[in-house]
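S.K.: Chains as they are written, first to last, in the working numbering: chain A, 201 to 422; chain B, 201 to 422; chain C, 201 to 422; chain D, 201 to 422.
Heads up, the beta-carbon is just placed ideally off N, CA and C, and yes, glycines get one too.
In this text, all values refer to a predicted model and were calculated from it rather than measured experimentally.
There are 4 protein chains.
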Amino acid sequence: MAAGADEVAPSDTGPRLSDTDRLTAFSDGVFAIVITLLVIELRVPEYHEGELLAGLLDEGASYLAFLVSFVYVGVIWLNHHALVRLIRATTLALSWINLGILFGAVIIPFPTAVLASAFTHGNAADRRAAVALYALAAALMSAPWLVFFGYLRRHPTLLQSGIRPDYVRAQRLRPVTGLVLYGLSGLLGWFVDPLLGLIGIIVMISYHAVTSEGLPRWLTRR
Amino acid sequence: MAAGADEVAPSDTGPRLSDTDRLTAFSDGVFAIVITLLVIELRVPEYHEGELLAGLLDEGASYLAFLVSFVYVGVIWLNHHALVRLIRATTLALSWINLGILFGAVIIPFPTAVLASAFTHGNAADRRAAVALYALAAALMSAPWLVFFGYLRRHPTLLQSGIRPDYVRAQRLRPVTGLVLYGLSGLLGWFVDPLLGLIGIIVMISYHAVTSEGLPRWLTRR
Amino acid sequence: MAAGADEVAPSDTGPRLSDTDRLTAFSDGVFAIVITLLVIELRVPEYHEGELLAGLLDEGASYLAFLVSFVYVGVIWLNHHALVRLIRATTLALSWINLGILFGAVIIPFPTAVLASAFTHGNAADRRAAVALYALAAALMSAPWLVFFGYLRRHPTLLQSGIRPDYVRAQRLRPVTGLVLYGLSGLLGWFVDPLLGLIGIIVMISYHAVTSEGLPRWLTRR
Amino acid sequence: MAAGADEVAPSDTGPRLSDTDRLTAFSDGVFAIVITLLVIELRVPEYHEGELLAGLLDEGASYLAFLVSFVYVGVIWLNHHALVRLIRATTLALSWINLGILFGAVIIPFPTAVLASAFTHGNAADRRAAVALYALAAALMSAPWLVFFGYLRRHPTLLQSGIRPDYVRAQRLRPVTGLVLYGLSGLLGWFVDPLLGLIGIIVMISYHAVTSEGLPRWLTRR
Chain A
201 MAAGADEVAP
211 SDTGPRLSDT
221 DRLTAFSDGV
231 FAIVITLLVI
241 ELRVPEYHEG
251 ELLAGLLDEG
261 ASYLAFLVSF
271 VYVGVIWLNH
281 HALVRLIRAT
291 TLALSWINLG
301 ILFGAVIIPF
311 PTAVLASAFT
321 HGNAADRRAA
331 VALYALAAAL
341 MSAPWLVFFG
351 YLRRHPTLLQ
361 SGIRPDYVRA
371 QRLRPVTGLV
381 LYGLSGLLGW
391 FVDPLLGLIG
401 IIVMISYHAV
411 TSEGLPRWLT
421 RR
Chain B
201 MAAGADEVAP
211 SDTGPRLSDT
221 DRLTAFSDGV
231 FAIVITLLVI
241 ELRVPEYHEG
251 ELLAGLLDEG
261 ASYLAFLVSF
271 VYVGVIWLNH
281 HALVRLIRAT
291 TLALSWINLG
301 ILFGAVIIPF
311 PTAVLASAFT
321 HGNAADRRAA
331 VALYALAAAL
341 MSAPWLVFFG
351 YLRRHPTLLQ
361 SGIRPDYVRA
371 QRLRPVTGLV
381 LYGLSGLLGW
391 FVDPLLGLIG
401 IIVMISYHAV
411 TSEGLPRWLT
421 RR
Chain C
201 MAAGADEVAP
211 SDTGPRLSDT
221 DRLTAFSDGV
231 FAIVITLLVI
241 ELRVPEYHEG
251 ELLAGLLDEG
261 ASYLAFLVSF
271 VYVGVIWLNH
281 HALVRLIRAT
291 TLALSWINLG
301 ILFGAVIIPF
311 PTAVLASAFT
321 HGNAADRRAA
331 VALYALAAAL
341 MSAPWLVFFG
351 YLRRHPTLLQ
361 SGIRPDYVRA
371 QRLRPVTGLV
381 LYGLSGLLGW
391 FVDPLLGLIG
401 IIVMISYHAV
411 TSEGLPRWLT
421 RR
Chain D
201 MAAGADEVAP
211 SDTGPRLSDT
221 DRLTAFSDGV
231 FAIVITLLVI
241 ELRVPEYHEG
251 ELLAGLLDEG
261 ASYLAFLVSF
271 VYVGVIWLNH
281 HALVRLIRAT
291 TLALSWINLG
301 ILFGAVIIPF
311 PTAVLASAFT
321 HGNAADRRAA
331 VALYALAAAL
341 MSAPWLVFFG
351 YLRRHPTLLQ
361 SGIRPDYVRA
371 QRLRPVTGLV
381 LYGLSGLLGW
391 FVDPLLGLIG
401 IIVMISYHAV
411 TSEGLPRWLT
421 RR
C-alpha cells in the first residue's frame, strides 16, 4: 500500500473515505479464523481399548455439523468477496455495517453446535428450539447485508466505476429473501417439524452459494 | 510490496524507518483473532432432555458480554485504523508502542469473562471487583495510545503529508479522556455501585466508537 | 490493491474472473491458523509435586504428532503456494475448489489427534482404525487438487503466461499418486500392520514436501 | 500483487526464486495467532461468592507468564521483520528454514505454561525441570535463525540490494549467542538454581528485543 494512497478522493463535504484494503484484510482474517476454529469442535471420543472405531462412528452428527458450518462460512466469504468488489472506498458507517456482517459470521459456530447437540442428545422439543435458533440467527444475519445495500443506494459515489446503481438495487433482493425465508424456516421448524425447518435452512445456504457472485445479470437487467 | 520499497527514506541520522505494511497486517491479524476468539466463550449449556431452550435463555449474561466485547474490539480496530493513517512510516520504538496497544486488545476477553461471571454467579462484592478490574484494564489500555501520540509529536517527520502537528496534539485528548474517565468509572463501581461503573464503561466505549476517526476538525482546529 | 484492478480482463462470454489476492490471503490465513492451533493440543500434564519432568517425558507421542502435523500443514502451504502461481485469475468455481483444498487442511488436527490417542492409549485394533482414518483423510484431501488441475486443463486462459498446458497436465500425477498411495497405506495399516501404514503415510508427506514446487521439469518435459 | 510479478528474476541455473509476499503474510499470520492465543490461558478462577477478588489475586504467576510470552513473541516478530528485510526473494529451501523459525514461535505457549505451572504448583525439582525445558526450547529456537543466515551467506544473490554480505555474516553472532547463552541459562537453572536460570532467560529476551533491528552498524562494521 503506497503511503499517501490511503485516503481516496478526500472531500470536505461528504463523509471521509478510505480505501478498502484494511476492511478486506480484517474481514478475510475473521472468515479464515471462523472457518478454522470449527475443527476445535471435532474431538477424539472417549473410548475403551479396542472401541475407538465405534466411538468415531457415533459422532456422525458432529461431522455433518462441521461440514455444514464450513460450507456456510465459505458461502459468506464468497458473498462478502463479491460485495467488496462493488465499492471503491469505505466510510466509517460502512465499516460499522461491515462489522455487523462479520458479527453474523463469527457467531455461526454457536447455533451450529446447539443444532448438533440437539440432534444427538435432545428430544423433539430440543430440536425445535435448535432449528428455530439457527433460523433466527441466519435471518438476523441478513439484516446488515440489507443495510449495506441500502447505504450504497444512498451513496452511489462509493460504487466502483462500471457498477450501475440499479444493479445494486436488484441485489437487495437476496438479503430480503434471506430474512423472509430463513424466518419462515424457523417458523416451520418450530410449529410443524424441525426436519422441515432444517431442510429450509440447507436450501437457503445452497441458494446463497449459487448466487454468491450476485444475481445473474439477465435476471436483474430488464 | 515491491522489493526495495520497504525501507522508506533511509537516513543515517534519525531512527531507521520502515513502511507500515507489516505493522498493519500484524495488527489486523491480532484484532481479527481477538474478535473471533470471543465466540469460544459461548458454549452449549448443559441440559436435560427437553430443556435446551430454558438452558439457552439462562445464558443471557454471556451473550451480552460477547456483544460488548465484539463492539469494543471493533472500536479499537477502527481507532487503530485511523491511527495508522496518521503516519507514513514506522520505527522500532513505534512498533513497540504498537505492541502495547495490541496487548490492550488481546487481554479484553479476560476482564469481559470476569465481568460476565460476576454478574451471573457473584454477589455485590464480586461485581464491584469485576467492574473495577474492567475499568482498570480499560484505563491502562489508553496509556500506549497516549505514548503513541506523544512519540508522533516528538517525531513529526513520521507524519503522513497533510496531517498538521497540532491535529495530532489535539488527538491526545482522547486517550487522556480514556485514562481519566475509565479510572473514574472504576472508582464509581468500587466505592458507589457496580452498575454505575458499568454504565460509565459503556458510555466510554460509545464515545470512542463515535470519535474513532479522530475528534471532529471543528473541535480541534480553532 | 489498486481500486479498479480487481476484475481481471472482464468478458461477457466466459466465467467472471477476479484476481487471486483475496483467495491467497484467505488461504494463507487458514493455513497459518491451522498450523498454530496445533499447539493447543500440547498440554501441561497432570502431575504430583516433584514429578513434572516424568509427566513431560510421558507425552512423547503428543510431541511427535504435533511435529508431523506441523510439517504436513507446512507441506500443504508450500504446495498451495506453487498452485496459485500457476494461475493469473480465479473464478467462482475455482474458489469453491480452493475451499475444498482448505477443507482438507482444516481437518488435519482431528485425524492427527486420533492417531496420537490410539498410539498412546489404544490397542492394536484402535491403531488400525486410527491409521486407516488418517490415510483415508489424506487420500480424500488429494481429490480437490485433482479437480483443480482438471479445471485448469479445461480453462487454459486462466494460466499465468509462461505456464505450458502440458506442464499442468503432468502435475496431475501428484494428486493421483496421493489418492492411490495414501489409500494403499490405509489398506496396509488396516489389513497388515498399523506401523507399515504409518510409514507409508510419512513417506508420502515427504514426497509431497520434496515435490512441492511441482514435479521437476526434466521429468515432465519430454 | 501484480500478476506476473510473482516470479522474481527467473533463472534456469540457480534455485527457483519467488517473492516474499506470501512468506511474510503467512509468518505474520502465525505470529499474530500465537500472540493472541496466549489469552486463552487466562481463565476466570473458580471462586465462592464474594471471593472473586482473592481468586484473581492468586493468579499472579499466570499474568506474569502471559506478559513474558507476549513480549517474547513480539520480539520474535520484530526480529523476523528485520530478517525478511534482508532478502529480495525466497527459495523453497528458505521457505523450509522459515517454517523452522515459525515452529519455534508456535511452541512458545507450551514451555511458558509449564513454567507458570511449576512456579505455582510445583516444588524445587519441578521448577528446575521447567526452567531447563524453557531454556532448551529457546536455545533450539535459535538454530533455524543460524541456518537462515548461513543460507544467505552461501546465496548472496538473494540479498536485498544495499545489504553487504559481511553485514549478514556479523548478524550470525546473535543466534549463536542465543544458542550458547540460553543453553547456559538452562544448565544454571538445572544445576545451580532455577531462579538464576530464569533471570538468564529474561536477560536474553531483552537482548534480542534491543537488537531486533540487527546489531548496531558501528559494532559490525569495522
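(1) Could you check where the alpha helix (DSSP H) with B/GLN360 kicks off and where it finishes?
(2) Is A/ILE287 closer than 8 Å to A/LEU371 when the C-beta atoms are compared?
(3) State yes or no: is the beta carbon of C/ILE258 nearer than 8 Å to at least one beta carbon in chain D?
(4) Using the Cα positions of B/SER385 and B/ILE401, report the straight-line distance between them to the nearest angstrom.
(5) Is there contact here, the segment 234 to 245 of chain C with the segment 253 to 264 of chain D, by at least three beta-carbon pairs under 8 Å?
(6) From the DSSP output, in three-state form, read off D/ILE308 for me.
(7) Taking Cβ-Cβ distances below 9 Å as the criterion, which residues of the segment 306 to 322 of chain B are in contact with chain D?
(8) Report the rounded CA-to-CA distance for A/VAL410 versus D/HIS248, giving the unit in angstroms.
(9) Examine chain A for any beta-carbon lying closer than 8 Å to the beta-carbon of C/GLY229, and answer yes or no.
(10) Pull up the distance between the alpha-carbon of B/PRO344 and that of B/ASN298, whole angstroms please.
(11) Would DSSP call B/SER412 helix, strand or coil?
(12) For B/LEU256, collect the residues of the same chain with a Cβ closer than 7 Å to its Cβ; drop the 5 residues on either side in sequence, then sort them by chain order.
(13) Whose Cβ in chain B lies nearer than 7 Å to the Cβ of D/PHE349?
(14) Are D/LEU346 and D/VAL376 touching if we call contact CB-CB under 8 Å?
(15) Please state if the CB of C/ILE405 and the CB of C/PHE348 are separated by a distance shorter than 8 Å.
(16) Assuming contact is defined by CB atoms lying nearer than 8 Å, are B/ALA225 and D/ALA289 in contact in what I supplied?
(17) So is D/PRO365 buried or exposed if we call it buried at 16+ other beta carbons inside 10 Å?
(18) To the nearest angstrom, how far is it from the Cα of B/ARG369 to the Cα of A/ARG222?
(19) Taking all protein chains shown into account, do 16 or more other C-beta atoms lie within 10 angstroms of the C-beta of C/PRO391, making it buried, or fewer, making it exposed?
(20) According to DSSP, simplified to helix, strand and coil, what is D/THR290?
(21) Can you say whether D/VAL429 is buried or exposed, counting buried as having 16 or more other CB atoms within 10 angstroms of its CB?
(22) Would you mind listing the alpha helix (DSSP H) stretches within the segment 238 to 278 of chain A that are 4+ residues and don't spill past its ends, in chain order?
(23) Assuming D/SER342 and D/TYR382 form a contact by the criterion Cβ under 8 Å, report the distance between their Cβ atoms to the nearest whole angstrom.
(24) Is C/ASP326 close to chain A? Criterion is C-beta to C-beta, closer than 8 Å.
(25) Along the alpha helix (DSSP H) that carries B/THR220, what are the first and last residues, could you check?
(26) Which one of D/PRO309, D/GLY229, D/THR320, D/LEU217 has the shortest CA to CA distance from C/LEU252?
(27) Please state whether DSSP places D/GLY378 in a helix, a strand or coil.
(28) B/PRO309 and D/VAL273 - do their beta-carbons sit closer together than 8 Å?
(29) By the 9 Å beta-carbon criterion, what residues does the segment 387 to 411 of chain C contribute toward chain D?
(30) Give a yes or no on whether the C-beta atoms belonging to D/GLY389 and D/ALA332 are separated by under 8 Å.
(31) B/VAL239 versus chain A: which residues are under 7 Å apart at the beta carbon?
(32) Where does D/ASN323 fall in DSSP's three states?
(33) Shortest alpha-carbon distance to D/VAL275 belongs to which of D/SER295, D/GLY362, D/GLY304, D/LEU292?
(34) Determine, for D/ILE297, whether the minimum Cβ-Cβ distance to residues of chain B falls below 8 Å.
(35) Cβ closer than 7 Å: which chain B residues qualify as neighbours of A/PHE226?
M.R.: In short:
(1) As a first step, residue 360 of chain B must be located in the second sequence, where it is residue number 160. Taken as a continuous stretch (DSSP letters only), B/GLN360 belongs to no alpha helix (DSSP H), as it is neither H nor E.
(2) As a position in the first sequence, residue 371 of chain A is number 171, starting the count at 1. As a position in the first sequence, residue 287 of chain A is number 87, starting the count at 1. Here residue 371 of chain A turns out to be Gln, not Leu, going by the sequence shown. Taking 8 Å as the Cβ cut-off, A/GLN371 and A/ILE287 do not qualify as a contacting pair.
(3) Residue numbering aside, residue 258 of chain C sits at position 58 when the third sequence is read from its first letter. According to the sequence shown, residue 258 of chain C is Asp rather than Ile. When Cβ-Cβ separations below 8 Å define contact, C/ASP258 makes no contact with chain D.
(4) In the second sequence, the residue the question calls residue 385 of chain B occupies position 185. In the second sequence, the residue the question calls residue 401 of chain B occupies position 201. C-alpha separation (whole angstroms): 6 Å.
(5) By the Cβ criterion, the segment 234 to 245 of chain C is not in contact with the segment 253 to 264 of chain D, since fewer than three pairs of Cβ atoms, one from each stretch, lie closer than 8 Å.
(6) Here residue 308 of chain D refers to the residue found at position 108 when the fourth sequence is read from its first residue. Per DSSP, reduced to three states, the secondary structure at D/ILE308 is coil, with no helix or strand assignment.
(7) Flagged, chain order: VAL306, ILE307, ILE308, PRO309, PHE310, ALA313, VAL314, ALA316, SER317, ALA318, HIS321, GLY322.
(8) Walking along the first sequence from the start, residue 410 of chain A turns up at place 210. Walking along the fourth sequence from the start, residue 248 of chain D turns up at place 48. A/VAL410 and D/HIS248: Cα-Cα distance of roughly 53 Å.
(9) Within the third sequence, numbered from 1, the residue matching residue 229 of chain C stands at position 29. Closer than 8 Å to some Cβ of chain A, the Cβ of C/GLY229 qualifies, so yes.
(10) In the second sequence, residue 344 of chain B corresponds to position 144, counting from 1. In the second sequence, residue 298 of chain B corresponds to position 98, counting from 1. Between the alpha carbons of B/PRO344 and B/ASN298 lies a gap of roughly 7 Å.
(11) Indexing the second sequence from 1 puts residue 412 of chain B at position 212. Three-state result, B/SER412: coil.
(12) For the purposes of this step, residue 256 of chain B is identified with residue 56 of the second sequence, where counting begins at 1. Answer for B/LEU256: PRO245, listed in chain order.
(13) Looking up residue 349 of chain D in the fourth sequence gives position 149. Chain B residues near D/PHE349: none, gap ~19 Å exceeds 7 Å.
(14) To locate residue 346 of chain D, count along the fourth sequence from 1; it is residue 146. To locate residue 376 of chain D, count along the fourth sequence from 1; it is residue 176. Against a cut-off of 8 Å, the Cβ pair of D/VAL376 and D/LEU346 comes out as a contact.
(15) Numbered from 1 along the third sequence, position 148 holds the residue referred to as residue 348 of chain C. Numbered from 1 along the third sequence, position 205 holds the residue referred to as residue 405 of chain C. No, Cβ-Cβ distance for C/PHE348 and C/ILE405 is not below 8 Å.
(16) Taking the first residue of the second sequence as position 1, residue 225 of chain B is located at position 25. Taking the first residue of the fourth sequence as position 1, residue 289 of chain D is located at position 89. Result no, Cβ atoms of B/ALA225 and D/ALA289 do not sit closer than 8 Å.
(17) Within the fourth sequence, residue 365 of chain D is the residue found at index 165, counting from 1. Exposed: under 16 other Cβ atoms inside 10 Å.
(18) Taking the first residue of the second sequence as position 1, residue 369 of chain B is located at position 169. Taking the first residue of the first sequence as position 1, residue 222 of chain A is located at position 22. Roughly 25 Å between the two C-alpha positions.
(19) Position 191 of the third sequence, counted from the first residue, corresponds to residue 391 of chain C. Correcting the residue type first, residue 391 of chain C is Phe in the shown sequence and not Pro. Counting Cβ neighbours within 10 Å, C/PHE391 comes out exposed, since fewer than 16 surround it.
(20) The residue you call residue 290 of chain D lines up with position 90 of the fourth sequence. Look at D/THR290 here: in three-state DSSP terms it is strand.
(21) Nothing can be reported for residue 429 of chain D: it is not among the residues displayed for chain D, which extend from 201 to 422.
(22) Runs of the alpha helix (DSSP H) inside the segment 238 to 278 of chain A: 252 to 257.
(23) As a position in the fourth sequence, residue 342 of chain D is number 142, starting the count at 1. As a position in the fourth sequence, residue 382 of chain D is number 182, starting the count at 1. Yes, they are in contact, since the Cβ atoms of D/SER342 and D/TYR382 sit about 7 Å apart, within 8 Å.
(24) Residue mapping note: residue 326 of chain C aligns to position 126 of the third sequence, counting from 1. Taking CB atoms only, C/ASP326 has a neighbour in chain A less than 8 Å away.
(25) As a first step, residue 220 of chain B is located in the second sequence; it is residue number 20 there, counting from the start. Judged by DSSP secondary structure, B/THR220 falls outside any alpha helix (DSSP H); it is assigned neither H nor E.
(26) Position 52 of the third sequence holds residue 252 of chain C. Residue D/THR320 is the option with its Cα nearest to C/LEU252.
(27) For the purposes of this step, residue 378 of chain D is identified with residue 178 of the fourth sequence, where counting begins at 1. In this structure, DSSP gives D/GLY378 a helical state, which the three-state scheme calls helix.
(28) What you label residue 273 of chain D is simply residue 73 of the fourth sequence in a count that begins at 1. What you label residue 309 of chain B is simply residue 109 of the second sequence in a count that begins at 1. D/VAL273 is not a Cβ neighbour of B/PRO309, given a cutoff of 8 Å.
(29) Residues of the segment 387 to 411 of chain C with a Cβ closer than 9 Å to any Cβ of chain D, in chain order: ALA409.
(30) To locate residue 389 of chain D, count along the fourth sequence from 1; it is residue 189. To locate residue 332 of chain D, count along the fourth sequence from 1; it is residue 132. In this structure, D/GLY389 sits near D/ALA332, with a CB-CB distance shorter than 8 Å.
(31) Here the question's residue 239 of chain B lines up with position 39 in the second sequence. Within chain A, the residues VAL306, ILE307, PRO309, PHE310 have their CB atoms less than 7 Å from the CB of B/VAL239, given in chain order.
(32) In the fourth sequence, counting from the first residue as 1, residue 323 of chain D sits at position 123. DSSP places D/ASN323 in coil when its eight states are reduced to three.
(33) As a first step, residue 275 of chain D must be located in the fourth sequence, where it is residue number 75. For D/VAL275, the closest alpha carbon among the candidates D/SER295, D/GLY362, D/GLY304, D/LEU292 is that of D/GLY304.
(34) Position 97 of the fourth sequence, counting from 1, holds the residue named residue 297 of chain D. No, because no Cβ of chain B sits closer than 8 Å to the Cβ of D/ILE297.
(35) Walking along the first sequence from the start, residue 226 of chain A turns up at place 26. Within chain B, the residues near A/PHE226 are ASP228, PHE231, ALA232, TRP277.
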